[in-house]
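**Student:** Have a look at this one before I ask anything.
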Amino acid sequence: MKFNNRNVFISKNAQIGKNVKIGDNSVIYDNVIIKDNTIISNDCIIGEPLQSYYSNVNDYQNPPTIIGSDSVIRSHCIIYCGCEIGDYFSTGHRVTIREYSKFGTNCRIGTVSDIQGYVTFGNYCWLHSNVHIGQKSTLGNFVFVYPYVVFTNDPTPPSDLCIGPSVGDYSQIAVFSVLLPGVKIGKHCLVGAGSIVGKDVDDFQLVVGSPAVVKKDVRQVKDRVTGESHYPWPYRFTRGMPWSDKGFDEWEKEFGI
Amino acid sequence: MKFNNRNVFISKNAQIGKNVKIGDNSVIYDNVIIKDNTIISNDCIIGEPLQSYYSNVNDYQNPPTIIGSDSVIRSHCIIYCGCEIGDYFSTGHRVTIREYSKFGTNCRIGTVSDIQGYVTFGNYCWLHSNVHIGQKSTLGNFVFVYPYVVFTNDPTPPSDLCIGPSVGDYSQIAVFSVLLPGVKIGKHCLVGAGSIVGKDVDDFQLVVGSPAVVKKDVRQVKDRVTGESHYPWPYRFTRGMPWSDKGFDEWEKEFGI
Amino acid sequence: MKFNNRNVFISKNAQIGKNVKIGDNSVIYDNVIIKDNTIISNDCIIGEPLQSYYSNVNDYQNPPTIIGSDSVIRSHCIIYCGCEIGDYFSTGHRVTIREYSKFGTNCRIGTVSDIQGYVTFGNYCWLHSNVHIGQKSTLGNFVFVYPYVVFTNDPTPPSDLCIGPSVGDYSQIAVFSVLLPGVKIGKHCLVGAGSIVGKDVDDFQLVVGSPAVVKKDVRQVKDRVTGESHYPWPYRFTRGMPWSDKGFDEWEKEFGI
């Protein structure tokens, strides 16, 4: 149904891998590299030029953009030039990823999410719909972020300071939370819904509220159905995770972070 | 001005009713049924295939999608296959509706809203801009939801549990509120701005806060101009409502829910 | 790279200035005026018709729409008819601006922001990503609004009342804040992250919380690095501001508001 090659524009200076499909009305700009088996769906823009392109069209050189292999970019996404995106990446619709964003492998970015550029993601970060990641944010591995979360970076707006938050491996940031500029969230943390986090959070803490305060150790949070501890969640949730076959302990011994 | 039939793609396996208009750059996929007098504006995708399409293009069969009569889908919307949408539906721009969503008649979905699929809406539900409805949510009839409201469904993220909230007839969910997983909101309720609702709410209650607590009976809330009780709102607001001619009491006797 | 003139539609009744560029797949409807040196990027809709167009295609006249000179409208934006937009305007991607919105000069509107129409902006208003401005809102000059802020206008939803908030010159509204209907924010104010503002705010106040209360005079807020007062911010932040050459005091004497 898709991929009829209608109204597709691919720069001569793009490199398109084997078995790549590009949807109708999509545009691939200069110096984009798309690796094998990747799908770019309809109405996407890959390698969107920097602001300076508009003021200096003739001398402008588009920085290289890399989209990993075996990825799926759904329709209406815009990915700027200068991004380096690992293999097995996937997005929802209408995702905007600004320039010089770096993603490890197996990341997923939900519909309408807005990545502001100059960010660093590890592997297996999953962002749900409508997440806003400010410039210079850092996410570790297996970080999950839920809808309408905002990572901020300017402590006294407006200013020229830009101090992104950072989130450690396996941490979860629930809906409607704000990470204030420069906050460091540890590993295996849970930020509860609607929290505004202004202070650093140690590993394994559940923080909630505005301003967010420590409520308990996440290992005390029970599963609603089984009544057992749900966290650390890698023992309870394996769908799409690299330990789905052998279990988290075994995986961690071999490959763990 | 619109509807020049430029760059439109309609599957041979779609059924297009009488007097239907389809805007430029729009795509109608396999097994979509669009009923009479409906308008699909520019740059829309109707019948977007499931994830499994991408991994198995050859054997894939697109589930049927039904768009009711006399509807207006504004530009840049994406509606997945498997949806059943009643007559007199309308959307703003850039709405995403995922698979197997069911809507009664006369529903309106605002710009950028994101319906995650597997949801059930009654009749006359109006969602304002930028509402996020998680999977397995249930809305009754005449439910109005205001901007930046999120319906969630996973009590201990990440997990494989998915317990959507439900909202009763005539209830109103104000801006920036979150319904936590499985919460049941009664009929004629008002959830105040910025609330996080974690407990069930009885009929006619005004709840506010994080966590949301009962403040008063909604029938005690006054109209700012007249000083009279504003709720139950169907006595005060009739624009676009089926009781606009005869009044709510008379309508309810004849057709009411 | 852009501007290949593929699949562009421009009404015969539009007036396009000198040195204007229009991106691929964009549409310019009747009675749109685009002034000199302006760039409309890909997949944009300028002069989107009113609702009445759909019910009365033959007699419909599109109200005039003016896009100022030296502006940049990024891809996937939709600007309705009846808008009057000053010079040096710029937008991110996927911005929706509904009918009869008025903007002074040098305004910037971030990605996914949703301007609901019938609003009035002064000069140099900067909206970050994903801001929602309800109908009949008024912004002064040099008002900065950060992500996921909502301006509301109906005190007892649903009703036919529409009372927009107003914000004075130089004020800052931080992430995740809600301005309730009819609230008046003074000049040089700072609304802290996650606030719900239900009462008017005097000049130079920092308000925070839900409901928002006065915390201090903004002139007591220190810069995190220098330890000096950061506000009034025009003395500390000059990037893109008209006083970047001569300083705020000097500029204000000559041109100030």
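Listed in order, the protein sequences are those of chains A, B and C. With the numbering used here, letter number 46 in the first sequence gets 1148, and the count goes up by one each step, no holes. With the numbering used here, letter number 187 in the second sequence gets 1289, and the count goes up by one each step, no holes. With the numbering used here, letter number 126 in the third sequence gets 1228, and the count goes up by one each step, no holes. Ideal Cβ positions, reconstructed from N, Cα and C, are used throughout, including at glycine. Remember, predicted model here, so these are calculated numbers, not experimental data.
#1: What is the DSSP secondary structure of B/W1228, reduced to helix, strand or coil?
#2: Would you report the Cα separation of C/I1187 and A/T1213, rounded to the nearest angstrom?
#3: If you follow the alpha helix (DSSP H) that C/K1355 is part of, which residue opens it and which one closes it?
#4: Compare the C-beta of A/F1111 with all C-beta atoms of chain B and state if any pair is closer than 8 Å.
#5: Okay, do the region 1279-1295 of chain C and the region 1261-1270 of chain C touch, 3+ Cβ pairs below 8 Å being the bar?
#6: Determine, using beta carbons only, whether C/S1346 comes closer than 8 Å to chain B.
#7: Take B/P1260 as the anchor and find which of A/G1184, A/K1318 and A/K1324 has the nearest alpha-carbon.
#8: Straight-line CA distance for B/Q1218 to B/G1236?
#9: So who's on the other strand from C/T1198, going by DSSP bridges?
#10: Taking the straight line between their C-alpha atoms, what separation do you get for C/S1369 and C/N1164?
#11: Span of the beta strand (DSSP E) holding C/Q1307?
#12: Report yes if the C-beta distance between C/F1306 and C/V1320 is below 8 Å; otherwise report no.
#13: Can B/G1296 and C/S1312 be called in contact, C-beta distance under 8 Å?
#14: Would the beta-carbon of A/G1125 fall within 8 Å of that of A/S1171?
#15: Within the 8 Å Cβ cut-off, does A/V1310 reach chain C?
#16: Compare the Cα-Cα distances from A/P1166 to each of A/D1145, A/Q1117 and A/V1129 and report the closest residue.
#17: Mind listing the chain F neighbours of B/D1126? Cutoff is C-beta to C-beta under 9 Å, in chain order.
#18: Could you pull the DSSP bridge partners for B/H1290 from this structure?
#19: Figure out for me which residue from A/I1169, A/D1271 and A/N1139 has the closest Cα to the Cα of A/P1336.
#20: Which parts of the region 1150-1180 of chain A are runs of the beta strand (DSSP E), unbroken and 3 residues or longer, counting only runs that do not cross its ends?
#21: Please name the residue, chosen from C/L1292, C/T1254, C/Y1333 and C/Y1250, that lies closest to C/F1278 on a Cα-to-Cα basis.
#22: Of the choices B/P1257, B/D1161 and B/N1225, whose alpha-carbon is the least far from that of B/S1273?
#23: Find out if the Cβ-Cβ distance for the pair B/S1173, B/C1146 is shorter than 8 Å.
#24: Looking at the unbroken beta strand (DSSP E) that takes in B/A1314, where does it start and where does it end?
#25: Straight-line CA distance for B/Y1182 to B/I1199?
#26: Using a 10 Å radius around the Cβ and a threshold of 16 neighbouring Cβ atoms, would you call A/V1245 buried or exposed?
#27: Under 8 Å between beta-carbons, which chain C residues line up against A/H1234? List them in chain order, please.
#28: What does B/D1161 touch in chain A if you count any residue whose Cβ is under 7 Å from its own?
#29: Just the chain C side, please: which residues come within less than 7 Å of A/I1147 by C-beta, in chain order?
#30: Could you check where the beta strand (DSSP E) with A/I1135 kicks off and where it finishes?
#31: Hey, does A/T1193 have any beta-carbon neighbour from chain C nearer than 8 Å?
#32: Quick check on this structure: which residue in A/K1317, A/K1318, A/I1130 and A/I1180 has the alpha carbon closest to the alpha carbon of A/F1111?
#33: Find the residues of chain A that neighbour C/I1141, judging by a C-beta separation of less than 9 Å, and give them in chain order.
#34: I'd like the list of long-range same chain contacts for A/G1294, defined as Cβ closer than 6 Å, with 5 residues on each side in sequence excluded.
#35: Kindly indicate which residue of C/I1148, C/N1115, C/V1122 and C/K1104 has the alpha-carbon position closest to the one of A/D1132.
#36: Suppose contacts are defined by Cβ-Cβ distances below 8 Å. Is B/L1229 in contact with B/S1239 by that definition?
**Tutor:** Looking at the atomic coordinates:
#1: Sequence index remark: in the second sequence, residue 1228 of chain B carries index 126 (1-based). Strand, per DSSP.
#2: Translated into the one-based positions of the third sequence, residue 1187 of chain C becomes position 85. Translated into the one-based positions of the first sequence, residue 1213 of chain A becomes position 111. About 29 Å.
#3: Start at 1 with the first residue of the third sequence, and residue 1355 of chain C comes out as number 253. Start and end: F1350 to F1357.
#4: If you number the first sequence from 1, residue 1111 of chain A lands on position 9. So no, A/F1111 is outside the interface.
#5: yes
#6: Numbered from its first residue, the third sequence carries residue 1346 of chain C at position 244. No, C/S1346 does not count as interfacial toward chain B.
#7: Along the second sequence, one-based indexing puts residue 1260 of chain B at 158. Ranking A/G1184, A/K1318 and A/K1324 by Cα distance to B/P1260 puts A/K1324 first.
#8: Taking the second sequence and counting its residues from 1, the one referred to as residue 1218 of chain B is at position 116. Taking the second sequence and counting its residues from 1, the one referred to as residue 1236 of chain B is at position 134. Near 5 Å, if we compare the C-alpha coordinates of B/G1236 and B/Q1218.
#9: Along the third sequence, one-based indexing puts residue 1198 of chain C at 96. Paired residues: C/I1180 and C/D1216.
#10: Given that chain C is displayed from residue 1103 to residue 1359, the structure contains no residue 1369 of chain C and the question cannot be resolved.
#11: Counting from 1 along the third sequence, the entry for residue 1307 of chain C is found at position 205. Its beta strand (DSSP E) spans residues Q1307 to G1311.
#12: Locating residue 1306 of chain C in the third sequence gives position 204, where the first residue counts as 1. Locating residue 1320 of chain C in the third sequence gives position 218, where the first residue counts as 1. It is a contact, given that the beta carbons lie within the stated cut-off.
#13: Counted from its first residue, the second sequence places residue 1296 of chain B at position 194. Counted from its first residue, the third sequence places residue 1312 of chain C at position 210. Contact: yes.
#14: Start at 1 with the first residue of the first sequence, and residue 1125 of chain A comes out as number 23. Start at 1 with the first residue of the first sequence, and residue 1171 of chain A comes out as number 69. Cβ atoms of A/G1125 and A/S1171: not closer than 8 Å.
#15: Stepping through the first sequence from its first residue, residue 1310 of chain A is reached at position 208. Answer no: the Cβ-Cβ gap between A/V1310 and chain C never drops below 8 Å.
#16: What you label residue 1166 of chain A is simply residue 64 of the first sequence in a count that begins at 1. Ranking the options by Cα distance to A/P1166, first place goes to A/Q1117.
#17: This model lacks chain F altogether, as its protein chains are A, B and C.
#18: Start at 1 with the first residue of the second sequence, and residue 1290 of chain B comes out as number 188. In DSSP, B/H1290 forms no bridge with anything.
#19: Residue numbering aside, residue 1336 of chain A sits at position 234 when the first sequence is read from its first letter. Closest by alpha carbon: A/D1271.
#20: 1167-1169
#21: As a first step, residue 1278 of chain C is located in the third sequence; it is residue number 176 there, counting from the start. Among C/L1292, C/T1254, C/Y1333 and C/Y1250, the Cα nearest to that of C/F1278 belongs to C/Y1250.
#22: Indexing the second sequence from 1 puts residue 1273 of chain B at position 171. When only C-alpha atoms are compared, the closest one is B/N1225.
#23: By 1-based counting over the second sequence, the position of residue 1173 of chain B is 71. By 1-based counting over the second sequence, the position of residue 1146 of chain B is 44. Taking 8 Å as the Cβ cut-off, B/S1173 and B/C1146 do not qualify as a contacting pair.
#24: Taking the second sequence and counting its residues from 1, the one referred to as residue 1314 of chain B is at position 212. Where B/A1314 is concerned, the enclosing beta strand (DSSP E) stretches over A1314 to D1319.
#25: For this step, residue 1182 of chain B is matched to residue 80 along the second sequence. For this step, residue 1199 of chain B is matched to residue 97 along the second sequence. About 6 Å.
#26: Your numbering for residue 1245 of chain A matches position 143 in the first sequence. So A/V1245 ends up on the buried side.
#27: Along the first sequence, one-based indexing puts residue 1234 of chain A at 132. Near A/H1234 (Cβ distances below 8 Å), the residues of chain C are S1231, N1232, P1249 and Y1250.
#28: Within the second sequence, the letter at position 59 stands for residue 1161 of chain B. Result: empty, since nearest Cβ-Cβ is about 13 Å, beyond 7 Å.
#29: As a working note, residue 1147 of chain A is residue 45 in the first sequence. Neighbours of A/I1147 on chain C, chain order: N1144 and S1177.
#30: Translated into the one-based positions of the first sequence, residue 1135 of chain A becomes position 33. V1134 to I1136 is the extent of the beta strand (DSSP E) around A/I1135.
#31: Translated into the one-based positions of the first sequence, residue 1193 of chain A becomes position 91. Output row for A/T1193: interface = no.
#32: Locating residue 1111 of chain A in the first sequence gives position 9, counting from the first residue. The option with the nearest alpha carbon to A/F1111 is A/I1130.
#33: Here residue 1141 of chain C refers to the residue found at position 39 when the third sequence is read from its first residue. Neighbours of C/I1141 on chain A, chain order: Y1156.
#34: Stepping through the first sequence from its first residue, residue 1294 of chain A is reached at position 192. Once the five neighbours on either side are set aside, the close Cβ partners of A/G1294 are A1276 and V1310.
#35: The residue you call residue 1132 of chain A lines up with position 30 of the first sequence. Among C/I1148, C/N1115, C/V1122 and C/K1104, the Cα nearest to that of A/D1132 is on C/K1104.
#36: Counting from 1 along the second sequence, the entry for residue 1229 of chain B is found at position 127. Counting from 1 along the second sequence, the entry for residue 1239 of chain B is found at position 137. No, the Cβ-Cβ distance between B/L1229 and B/S1239 is not below 8 Å.
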